[in-house]
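First up is the structure itself, then whatever we jot down about it.
Number of protein chains: 2
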Amino acid sequence: MHFEALDTLKALFSNQMSVAPSVLESHSRDESYPESHLPDVVVFAESEADVLKVLEVARTHQVPVVPFAVGSSIEGQVVPVHGGISLDLSRMNRVLQIHQSDFSAVVQPGVLYPELSRQARPYGLFFAVDPGADASLGGMASTNASGTGAVKYGTMRDQVLDMRVALISGEVIRVGAKSRKTSAGYDLRHLFIGAEGTLGVITELTVKLHPLPVAVAVAKVTFESVQDAVNCAVTVMGAGLSPERIELVDARAVQAVNQYKGTHHPETPTLWIELSASGEVLLRENLEILRECCMESYATSFILAREESERRELWESRHHAFYALKRLHPEHDSHTTDLCVPISRLPEVVQHTEELCKAHGLDAVLLGHVGDGNYHVLFHGDAKNPAQWESILQVSDLMVQKALEVGGTCTGEHGIGLRKRKHLTQEHGDLIPFMRGIKHLFDPQNLLNPGKIF
Amino acid sequence: MHFEALDTLKALFSNQMSVAPSVLESHSRDESYPESHLPDVVVFAESEADVLKVLEVARTHQVPVVPFAVGSSIEGQVVPVHGGISLDLSRMNRVLQIHQSDFSAVVQPGVLYPELSRQARPYGLFFAVDPGADASLGGMASTNASGTGAVKYGTMRDQVLDMRVALISGEVIRVGAKSRKTSAGYDLRHLFIGAEGTLGVITELTVKLHPLPVAVAVAKVTFESVQDAVNCAVTVMGAGLSPERIELVDARAVQAVNQYKGTHHPETPTLWIELSASGEVLLRENLEILRECCMESYATSFILAREESERRELWESRHHAFYALKRLHPEHDSHTTDLCVPISRLPEVVQHTEELCKAHGLDAVLLGHVGDGNYHVLFHGDAKNPAQWESILQVSDLMVQKALEVGGTCTGEHGIGLRKRKHLTQEHGDLIPFMRGIKHLFDPQNLLNPGKIF
Numbered sequence: 001m002h003f004e005a006l007d008t009l010k011a012l013f014s015n016q017m018s019v020a021p022s023v024l025e026s027h028s029r030d031e032s033y034p035e036s037h038l039p040d041v042v043v044f045a046e047s048e049a050d051v052l053k054v055l056e057v058a059r060t061h062q063v064p065v066v067p068f069a070v071g072s073s074i075e076g077q078v079v080p081v082h083g084g085i086s087l088d089l090s091r092m093n094r095v096l097q098i099h100q101s102d103f104s105a106v107v108q109p110g111v112l113y114p115e116l117s118r119q120a121r122p123y124g125l126f127f128a129v130d131p132g133a134d135a136s137l138g139g140m141a142s143t144n145a146s147g148t149g150a151v152k153y154g155t156m157r158d159q160v161l162d163m164r165v166a167l168i169s170g171e172v173i174r175v176g177a178k179s180r181k182t183s184a185g186y187d188l189r190h191l192f193i194g195a196e197g198t199l200g201v202i203t204e205l206t207v208k209l210h211p212l213p214v215a216v217a218v219a220k221v222t223f224e225s226v227q228d229a230v231n232c233a234v235t236v237m238g239a240g241l242s243p244e245r246i247e248l249v250d251a252r253a254v255q256a257v258n259q260y261k262g263t264h265h266p267e268t269p270t271l272w273i274e275l276s277a278s279g280e281v282l283l284r285e286n287l288e289i290l291r292e293c294c295m296e297s298y299a300t301s302f303i304l305a306r307e308e309s310e311r312r313e314l315w316e317s318r319h320h321a322f323y324a325l326k327r328l329h330p331e332h333d334s335h336t337t338d339l340c341v342p343i344s345r346l347p348e349v350v351q352h353t354e355e356l357c358k359a360h361g362l363d364a365v366l367l368g369h370v371g372d373g374n375y376h377v378l379f380h381g382d383a384k385n386p387a388q389w390e391s392i393l394q395v396s397d398l399m400v401q402k403a404l405e406v407g408g409t410c411t412g413e414h415g416i417g418l419r420k421r422k423h424l425t426q427e428h429g430d431l432i433p434f435m436r437g438i439k440h441l442f443d444p445q446n447l448l449n450p451g452k453i454f
Numbered sequence: 001m002h003f004e005a006l007d008t009l010k011a012l013f014s015n016q017m018s019v020a021p022s023v024l025e026s027h028s029r030d031e032s033y034p035e036s037h038l039p040d041v042v043v044f045a046e047s048e049a050d051v052l053k054v055l056e057v058a059r060t061h062q063v064p065v066v067p068f069a070v071g072s073s074i075e076g077q078v079v080p081v082h083g084g085i086s087l088d089l090s091r092m093n094r095v096l097q098i099h100q101s102d103f104s105a106v107v108q109p110g111v112l113y114p115e116l117s118r119q120a121r122p123y124g125l126f127f128a129v130d131p132g133a134d135a136s137l138g139g140m141a142s143t144n145a146s147g148t149g150a151v152k153y154g155t156m157r158d159q160v161l162d163m164r165v166a167l168i169s170g171e172v173i174r175v176g177a178k179s180r181k182t183s184a185g186y187d188l189r190h191l192f193i194g195a196e197g198t199l200g201v202i203t204e205l206t207v208k209l210h211p212l213p214v215a216v217a218v219a220k221v222t223f224e225s226v227q228d229a230v231n232c233a234v235t236v237m238g239a240g241l242s243p244e245r246i247e248l249v250d251a252r253a254v255q256a257v258n259q260y261k262g263t264h265h266p267e268t269p270t271l272w273i274e275l276s277a278s279g280e281v282l283l284r285e286n287l288e289i290l291r292e293c294c295m296e297s298y299a300t301s302f303i304l305a306r307e308e309s310e311r312r313e314l315w316e317s318r319h320h321a322f323y324a325l326k327r328l329h330p331e332h333d334s335h336t337t338d339l340c341v342p343i344s345r346l347p348e349v350v351q352h353t354e355e356l357c358k359a360h361g362l363d364a365v366l367l368g369h370v371g372d373g374n375y376h377v378l379f380h381g382d383a384k385n386p387a388q389w390e391s392i393l394q395v396s397d398l399m400v401q402k403a404l405e406v407g408g409t410c411t412g413e414h415g416i417g418l419r420k421r422k423h424l425t426q427e428h429g430d431l432i433p434f435m436r437g438i439k440h441l442f443d444p445q446n447l448l449n450p451g452k453i454f
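For the record, the sequence lines run as chains A and B. Quick note on full-length UniProt numbering: the first sequence kicks off at 1 and runs consecutively. Quick note on full-length UniProt numbering: the second sequence kicks off at 1 and runs consecutively.
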């Protein structure tokens with residue numbers, strides 16, 4: 001990076017920038033992508049005006065800018081592969097407004113979603129998207145994140161009403177409307193959701209909130225095989241019970257959670273199914289229907305967690321499963337898949353995965369948001385053992401191919417980043433020229449998070 | 001249009017094309033836009049291959065193409081203002097697949113939404129978007145249509161999983177995935193939803209279906225004033241009852257419906273509120289909460305319609321309100337607004353509208369999907385009386401300005417078409433250069449529905 005650019009940044013951001021090795025290092029990697037790359041400088045923006053100043057320096061000196069908040073991406077989205085400025089938005093972390101009767105909130109991009117839910121709680125509301133990590137709203141919009149709540153409430157795409165976005169040109173645009181609906185011209189809001197910071201920097205979001213459910217219970221349902229559990233999930237969704245969450249954890253995942261959390265869940269394939277209702281009577285009725293569905297699907301046990309503390313602990317375990325699994329093999333590197341298929345095809349796709357792993361002698365863990373057909377397989381191995389690692393990547397590729405064959409997608413919620421670029425070509429090769437054209441419209445010099453998606 | 005183009009079309013489509021005056025005339029207008037323009041020829045596509053042939057002729061001879069199915073647009077979207085080919089897709093009207101356990105259907109663009117719901121019914125499912133007219137799915141996607149069901153199920157934007165789109169280049173692209181979620185690159189699906197046929201021709205859609213509600217009732221709730229009714233709608237939404245529908249009809253609208261349908265609803269501002277539940281017990285509980293909300297909001301009566309026939313008749317009345325209103329003044333032209341605002345701002349915006357109408361001595365009718373902040377005002381007058389018509393357009397403009405001031409949009413569900421181009425400039429003037437850039441990417445010669453949106 002040019003000295004002049006750095007000098008300009010220093011003059012503008014004395015206390016809000018750093019070139020300290022530890023700061024550069026912490027902005028060089030994400031939570032899962034194996035490679036890292038140092039930025040030249042980290043700037044901590046505290047306002048939209050700061051963001052615009054950074055973009056001006058970038059534009060003037062042709063320096064890449066990579067938006068960053070928590071660094072919880074999975075596919076390398078925040079890794080500054082071409083160096084330049086890591087634009088840290090974590091200090092833009094204020095919930096600006098909560099509109100109780102509009103069921104919405106206006107937030108800065110660095111707000112973490114648990115914090116938004118915490119602030120919405122006194123209004124009887126919560127924010128419904130809950131990825132595993134304590135992610136920021138801006139980052140979550142940028143990868144179209146979801147989580148366990150998506151089966152009922154949808155993904156980030158369904159939650160964002162309106163955004164302010166700073167463009168590399170120095171312009172700030174508003175995409176969307178504060179109202180629930182709009183049909184006003186081409187929908188640019190959805191272009192920026194999932195754009196992984198390659199088109200502009202999100203500086204403000206208006207998002208939906210939802211009423212906190214009144215009566216809630218979680219069923220812990222065990223099975224002899226993953227296949228039985230998956231079939232049960234398909235049945236439950238077909239019964240129209242509209243669960244709040246329906247999560248699959250396989251035996252290895254439960255084992256990891258038990259070790260990490262000191263819990264004693266039976267180490268066998270399990271569905272954790274949360275139901276809610278507007279009253280206790282109805283909840284009991286629905287739980288009875290659920291129990292019948294599960295028993296018909298060869299469940300081996302069906303235990304209810306009714307206490308809030310127990311439910312919270314359960315979902316915390318689920319949210320930390322990724323870290324628990326990594327902890328289980330601290331010496332290993334890990335590789336996660338993020339396939340999503342039509343739910344009716346899930347049993348066949350999961351069986352295909354199991355057969356592949358067996359054939360390749362791979363130790364893999366399966367967990368996922370099976371209610372919407374999205375599931376993750378976490379592989380682990382020694383990245384310095386080329387044969388083993390090659391095998392992991394090969395199985396992963398074959399799994400993608402299978403998901404695409406049944407009409408699914410290579411990524412349900414993690415996005416493309418660096419790692420899935422070749423899969424995007426497989427899935428939407430015909431669209432890539434148009435995506436590049438759109439990129440060129442907003443960022444003709446390819447300064448915003450270059451190297452990602454394409 | 002060039003003779004050679006017409007000759008080529010004749011050779012390709014002998015039985016599937018027409019230049020008969022009556023056919024041209026029926027493709028020259030939509031349901032509400034005051035001006036019409038004849039196409040040079042109408043081609044009835046029966047397959048995607050037919051669509052591609054038409055696009056090839058258009059490309060070769062630089063002829064505009066305007067997609068058409070039912071002609072139920074409101075803002076002039078299907079009017080071929082530059083002549084050329086009206087591409088009629090109404091014969092592509094097959095429901096190709098219904099996937100019961102995926103809650104989805106694959107349809108051709110000419111399928112009418114009531115037909116999709118009819119075919120889904122044996123599976124216990126229905127299609128949730130219901131604009132007033134018997135619109136086609138392709139047209140509905142192209143304007144991001146919604147209707148009374150949007151308050152619970154969202155708009156077309158929330159229903160379309162996947163589309164095949166024929167481009168002017170001759171390429172057919174697939175946007176989206178058959179799975180419930182995807183985060184694979186820029187979201188082009190949402191670009192084509194609401195693009196009003198200006199970017200490509202939709203040739204197939206995969207859409208969500210929803211389980212038919214089990215127990216349903218409609219409350220007919222009357223008020224002394226529109227203000228009271230609007231305030232009540234805001235209260236009901238805040239109570240988290242998640243109604244299937246919540247529709248406002250003012251006294252004049254009820255009067256029109258009564259005359260059109262021979263019904264005897266009290267001719268006073270009224271909310272029609274549909275609640276559903278998974279059982280009778282819960283439904284009764286929710287209806288009681290609803291009754292309390294309404295009574296606290298100064299309702300003057302609260303009457304339940306429990307029979308399916310009665311409910312059906314009610315919603316038919318609502319869906320036909322637009323036609324009923326036009327029938328009331330057959331000698332007049334009409335002008336409809338389609339504002340949508342954050343629901344908390346609805347009382348103030350409606351009051352503003354009422355004051356404007358009074359100040360300008362205008363006879364206007366108010367109805368709308370007030371649960372999501374979307375409401376329509378239907379003006380009628382003699383378009384040949386310039387003073388009166390000018391007054392209508394002036395009030396309409398002031399209403400748009402007010403809606404934008406409170407964070408709303410000039411169109412909740414009808415789109416931009418020809419009529420709202422200036423309002424799009426007011427609302428998203430900063431985005432129009434980018435919209436034009438996107439248009440240029442997909443249709444560099446401006447042959448697809450030219451003159452619309454911008």
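We put the CB at the ideal spot given by N, CA and C, even for glycine.
query                                                                                                                        : result
Three-pair Cβ contact test at 8 Å for the stretch 277-290 of chain B versus the stretch 282-289 of chain A                   : yes
Helix, strand or coil at A/Met-295 according to DSSP, with G and I counted as helix                                          : helix
Cβ distance (whole Å) where A/Ile-432 is taken to contact A/Thr-425 below 8 Å                                                : 6 Å
Presumed contact (8 Å Cβ cut-off) between A/Pro-269 and A/Phe-223, rounded CB distance                                       : 5 Å
Interface partners of A/Lys-452 on chain B, CB under 8 Å                                                                     : The contacting residues do not exist; A/Lys-452 stays about 10 Å from chain B at best.
For A/Met-435, the three-state DSSP class (helix, strand or coil)                                                            : helix
Range covered by the beta strand (DSSP E) that runs through B/Ser-86                                                         : 85-88
Below-8 Å beta-carbon distance, A/Lys-208 vs any chain B residue                                                             : no
Backbone CA spacing between B/Gly-147 and B/Trp-272 [nearest angstrom]                                                       : 14 Å
Any 3 or more C-beta pairs closer than 8 Å across the stretch 70-89 of chain B and the stretch 30-45 of chain B              : yes
Residue-chain proximity (B/Lys-152, chain A), Cβ-Cβ < 8 Å                                                                    : no
Residue-level contact to chain A via CB, B/Lys-10, 8 Å cutoff                                                                : no
Neighbour-count burial assignment, B/Ser-420, 16 or more Cβ in a 10 Å radius                                                 : The sequence as given places Lys at residue 420 of chain B; Ser does not occur at that position. B/Lys-420 comes out buried.
C-alpha gap between A/Ser-344 and B/Tyr-186, whole angstroms                                                                 : 26 Å
Residues that residue 455 of chain B contacts on chain A, provided the C-beta gap is smaller than 7 Å                        : As shown, chain B starts at 1 and ends at 454. That puts residue 455 of chain B outside it, with no answer to give.
Neighbourhood of A/Ala-177 by C-beta, 8 Å cutoff - its chain only, sequence neighbours within 5 removed                      : Leu-161, Asp-162 and Ala-184
Simplified DSSP state of B/Arg-13, which is helix, strand or coil                                                            : Residue identity check: residue 13 of chain B is Phe in the sequence provided, not Arg. Residue state, collapsed to three classes: helix.
Residues, ordered as in the chain, of the stretch 337-349 of chain A that lie near chain B by beta-carbon distance below 7 Å : Cys-340, Val-341, Pro-342, Ile-343 and Ser-344
Rounded C-alpha distance that separates B/Val-105 from B/His-99                                                              : According to the sequence shown, residue 105 of chain B is Ala rather than Val. Cα-Cα distance, rounded: 6 Å.
Range of the contiguous beta strand (DSSP E) that encloses A/His-320                                                         : Careful: A/His-320 lies outside any beta strand (DSSP E) and carries neither H nor E.
Spatial distance of B/Met-17 from B/Leu-9 (CA atoms)                                                                         : 8 Å
Identity of the residue in A/Trp-315, A/Leu-96 and A/Gly-361 nearest A/Lys-261 by Cα                                         : A/Trp-315
Coil, strand or helix - A/Cys-410 by DSSP                                                                                    : coil
Every unbroken beta strand (DSSP E) within the stretch 238-313 of chain A, with a cutoff of 3 residues, ordered by chain     : 245-249, 270-277 and 301-305
Supposed close pair A/Gly-451, A/His-82 - CB separation, criterion 8 Å                                                       : 6 Å
Cβ pair B/Ala-305, B/Lys-220 closer than 8 Å                                                                                 : yes
Beta carbon proximity, A/Pro-67 to chain B, threshold 8 Å                                                                    : no
Inter-residue spacing [alpha-carbon to alpha-carbon] between A/Gly-371 and B/Thr-182                                         : 14 Å
Chain B within 8 Å of A/Val-216, Cβ atoms only                                                                               : no
Run of the alpha helix (DSSP H) containing B/Asp-158, from where it starts to where it stops                                 : 156-159
Exposed unless 16 or more other CB atoms sit within 10 angstroms - verdict on B/Ala-387                                      : exposed
Nearest-angstrom Cα separation, counted from B/Cys-340 out to A/Val-78                                                       : 37 Å
Stretch-stretch touch, CB-based, cutoff 8 Å, three pairs: the stretch 54-72 of chain A with the stretch 22-39 of chain A     : yes
Chain A contacts from the stretch 112-146 of chain B (Cβ-Cβ distance under 7 Å)                                              : Thr-143, Asn-144 and Ser-146
Beta bridge counterpart(s) of A/Ile-173 as assigned by DSSP                                                                  : A/Val-165
Run of the alpha helix (DSSP H) containing A/Leu-137, from where it starts to where it stops                                 : 137-142
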